[in-house]
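All residue numbers for the sequence shown refer to this note's numbering, where the first residue is 962 and numbers rise by one. All C-beta atoms in this analysis are idealised placements derived from N, C-alpha and C, irrespective of residue type, glycine included. Predicted model, so just to flag it, every value in this text is computed and none were measured. First the structure, in the form of structure tokens, and then the observations on it.
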Amino acid sequence: MRKTISLAGIAFLSATTVSAQERATNPDARANATLRAMSQEEKIRMLHGPMPSMLPPGKRLPGVAIGAGYVEGTQRLRVPNLVMTDASLGVSNLNDLRPGDVATALPSGLSLASTWNPDIARQGGAMIGGEARAKGFNVMLVGGVNLVRDPRGGRNFEYLGEDPLLAGTMVGSQISGVQSNRIIATIKHFALNDQETGRNIASVEMDEAAMRESDLLAFQIGIEKGDPASVMCAYNRVGGVFACENPFLLNDVLRRDWGYKGFVMSDWGAVHSSEAITKGLDQQNGENLDAKPYFSTLLVEALAGGRVPQVAVDTAVRRILRATYTTGVADHPLAPGQAIDYEANGAVALKAAEEGIVLLRNEGGVLPLAQTARSIVVIGGTADLGVLSGGGSSHVRPVGGFKKLGRAGRGAAITWVKRGYGGTPPLDGIRRAFPSAAVTYLDGKDVPAAAAAAKAAQVAIVIGEKFASEADDNVDISLGQGQDALIEAVSAANPKTVVVLQVGNPVAMPWRDKVPAILAAWYPGQRGGDAIAHVLSGKVNPSGHLPVTFPASEAQLPNPKLPGADAQLADKETRAVYGLAAGLKPFNIVYPEGSDVGYRWFDRKGLKPLFPFGHGLSYTSFRYSDLKVTGKGKLKVRFTVTNVGAMPGPDVPQVCVVRPGKAKRLIGWAKPMLAPGAAREVSIVADPRVLADFDAKTRRWVVRAGTYRIEVSHSATETALKADTQLSRQTLAP
Ligand code: BGC
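Laid out in structure tokens, this is it:
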């Protein structure tokens, strides 16, 4: 006998009898059976957990690996402990929680998105998931897919760019790779946590259609493709309501419209009430960062006082149990301390970094550098030490440790905002790649000395860098630290100057037209120095393409001033989170671009960026021909890509749709690998949601009848082929 009960739009089964066979194959039936056997205390225990670093060692759950968090299970029912680690760029080890422990550091999210290659995302996810399991973790807080709306965002380096289709596709692959290790992945931060300034207090005010067509669509696609067992709700408010107790986001969109069956865990310190459990939140994590024990002591009181019904607790527990069955977490107990093949995993990080490097400019074919180069000077603060990584919870202590680990400037109040240099140093990589050249190094602090050394060398390579971190947005988009003047001086002294940027965001380049070659290497991870050298030498033909627009200046941005920047909230707010200050006033964040994020805004406003979304050069060149568009049923686009240069290499042709009076949108891409002279037909089937507008009144995606222009492009501003096609009206479920 089964009866369907419904809570907040969710239907679930209350099973009274479940056969052994059903229990083995049906995660819902299994979850129900376990739930029925649990005491109330055991249930409540599953709904909350601490951040162990904030507990004295004696108070931590014995025998579990120390990472971002844990939730205690029920051993008598084989309900596993959930042992959690951050995540997106590898198994993080913030503040050396596990002393001396290292992990393979993947390149940053923006580097991954620059590959436009879901296979790279999957391989990286599988690799870091394997390391997590070997170290004793079965939950990875991996899968950051907030859209890059502002190039000052402190966490953009963790995310996957400005386009919902690209970001959603990449995160889905990353998650499926992680979960292939029988661990739970957690897509985050749901939703619209697109800046750090005011992240715990600000409210994003956006109409529903704009949300659905942008940030929410990235999550929707990521969830469809990756099937993450968990979603992490964000710190901020949306429409005035905190994301972790937002019934619109958690119940209406995520569960009712998308049919999501996993569980929602809070971000660390993002819970504000016990009643959140009736509004879609299932688990309070990092509870010692919250003001109160909302999902433990206070939840018991709320149940007793009738403010929270028992069915809400049962629903949340059932969802968490189900996730442990669908992923295999319950059936594959952790066995920490397994050996890790760091050599093999480093090769995964190297391949990802090589594919993520974007060749932004290459005037006169300066790159690749000839093997006959006799003298190369490498200039830049830390090229001899390692590569830069971004700060915050994603911080991975790389294999080999950090060569230098400093506090961030502005974020100095936050002890965990660390500026770390590790992995292979660019200088070592360059020396290995050019064994017959004399390679010298200067830190660049003495600009005239750097210019003199550049003048004396055949080639000058400047490694520029800009730090970015969680909890601390950048103040502007300049490279900073006098590096613009250094680059100007070096490029004036040597016409063969190459600038390699290690950045977590787009930056301004007042010197762009004076420097013949520019590479964006992002934060390139464990083997970053080698990856940079391989692109410089031509061992690797660069194939990265920008997943974000590089604006010419802040004046081009929808918000020339970062929302909340006036109040200097980033620092104060972060202090508030950690109990150092209180009484900050909430403020609203309004994004004038709505769903036209990034290149769409530039297209709508007719603005010329410094470098457009999708841009990326190669050492060969590609030509597109034979465009064919069929519009019946699903829109299908076919065309031929030919390598018309002299080197083998992959290309990333991009397909956009342009509708009258609307900004262009990316509807697909391909990544064919082609030998010189080779041609291949590629075909792209458009996801109708990218062609559609969301109608919030009818809750439908609506593809309007009419003429659609299809463009095949090298970037958002460089179109090679065009064709018009007619589409008939179509509506789709949300
Ligand atoms: C971050 C999350 C992270 C969590 C646990 C929070 O500050 O926003 O992304 O997973 O901490 O470390």
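To the nearest angstrom, report how far apart residue i and residue j are at their CA atoms.
| i | j | result |
| --- | --- | --- |
| Ala1179 | Ala1666 | 25 Å |
| Leu1346 | Pro1386 | 5 Å |
| Leu1177 | Ala1152 | 7 Å |
| Leu1541 | Glu1236 | With a pLDDT of 39 at Leu1541, under the threshold of 50, the modelled position of this residue cannot be trusted; read the value that follows with caution. Cα to Cα, the separation comes out at about 26 Å. |
| Leu1328 | Val1501 | 11 Å |
| Leu1530 | Thr1158 | Annotation note: pLDDT 47 at Leu1530 (below 50); position unreliable, no value reported. |
| His1675 | Asp1587 | 16 Å |
| Pro988 | Leu1282 | 8 Å |
| Ala1607 | Pro1573 | 26 Å |
| Glu1534 | Pro1477 | Low local confidence applies: a pLDDT of 48 at Glu1534 is under 50, so the model's placement there is unreliable, and no value is given. |
| Leu1627 | Val1616 | 6 Å |
| Val1357 | Lys1186 | 26 Å |
| Glu1672 | Ser1644 | 13 Å |
| Gly1086 | Ala1410 | 44 Å |
| Pro1637 | Gly1610 | 8 Å |
| Ser1336 | Arg1392 | 11 Å |
| Gly1090 | Met1101 | 7 Å |
| Thr1601 | Gln1140 | 35 Å |
| Pro1471 | Asp1445 | 7 Å |
| Phe1428 | Leu1121 | 17 Å |
| Ala1694 | Lys1625 | 23 Å |
| Arg1116 | His1506 | 20 Å |
Less than 8 Å separating the Cβ of residue i from some heavy atom of the ligand BGC?
| i | result |
| --- | --- |
| Ser1354 | yes |
| Gly1090 | no |
| Lys1096 | no |
| Glu1431 | yes |
| His1150 | yes |
| Met924 | Given a span of 962 to 1695 for the chain in the structure shown, any question on residue 924 remains unanswerable. |
| Gly1230 | yes |
| Gly1183 | no |
| Gly1559 | no |
| Ala1314 | no |
| Leu1121 | no |
| Leu1311 | no |
| Leu1102 | yes |
| Tyr1196 | yes |
| Ala1394 | no |
| Asp1275 | no |
| Gly1326 | no |
| Gly1577 | no |
Which residue from the options puts its Cα closest to that of residue i?
| i | options | result |
| --- | --- | --- |
| Leu1596 | Thr1458, Ala1064 and Arg1690 | Arg1690 |
| Thr1065 | Ala1314, Ile1136, Ser1498 and Val1290 | Ala1314 |
| Ala1684 | Val1619, Pro1695 and Asn1056 | Val1619 |
| Arg1650 | Gly1230, Leu1447 and Ala1170 | Ala1170 |
| Asp1491 | Ser1452, Thr1591, Val1460 and Val1348 | Val1348 |
| Asn1099 | Glu1123, Ser1134 and Thr1046 | Thr1046 |
| Thr1510 | Gln1299, Ala1310, Asp1564 and Phe1224 | Asp1564 |
| Gly1105 | Ala1482, Arg1094, Ala1074 and Leu1321 | Ala1074 |
| Pro1011 | Asn1107, Ala1252 and Pro1503 | Ala1252 |
| Met1007 | Asp1062, Phe1224, Gly1028 and Val1132 | Phe1224 |
| Asp1656 | Gly1638, Gln1687 and Thr1692 | Thr1692 |
| Leu1215 | Gln1181, Gly1362 and Met1226 | Gln1181 |
| Ile1184 | Ile1144, Ser1137 and Arg1160 | Ser1137 |
| Glu1248 | Ala1291, Met1172 and Val1232 | Val1232 |
| Ser1504 | His1576, Arg1368 and Val1464 | His1576 |
| Tyr1286 | Val1663, Arg1661, Arg1217 and Arg991 | Arg991 |
| Pro1621 | Gln1687, Glu1426, Ser1452 and Ala1631 | Gln1687 |
| Ala1291 | Cys1205, Ile1144 and Phe1395 | Ile1144 |
| Leu1514 | Arg1473, Asp1557, Ala1305 and Asp1124 | Contrary to the premise, residue 1514 reads as Ser rather than Leu in this sequence. Residue Arg1473 is the option with its Cα nearest to Ser1514. |
| Ala1300 | Pro1041, Asp1062 and Pro1018 | Asp1062 |
| Asn1520 | Trp1562, Cys1205 and Pro1254 | Trp1562 |
Do residue j and residue i have their beta-carbon atoms positioned less than 9 Å apart in this structure?
| i | j | result |
| --- | --- | --- |
| Leu1440 | Ala1469 | yes |
| Ala1163 | Pro1485 | no |
| Gly1325 | Ser1430 | no |
| Asp1275 | Lys1149 | no |
| Ala1344 | Pro1068 | no |
| Val1420 | Ile1448 | no |
| Ala1394 | Asn1455 | no |
| Met1015 | Leu1259 | no |
| Ser1397 | Ser1053 | no |
| Pro1359 | Gln1487 | yes |
| Ala1128 | Leu1108 | yes |
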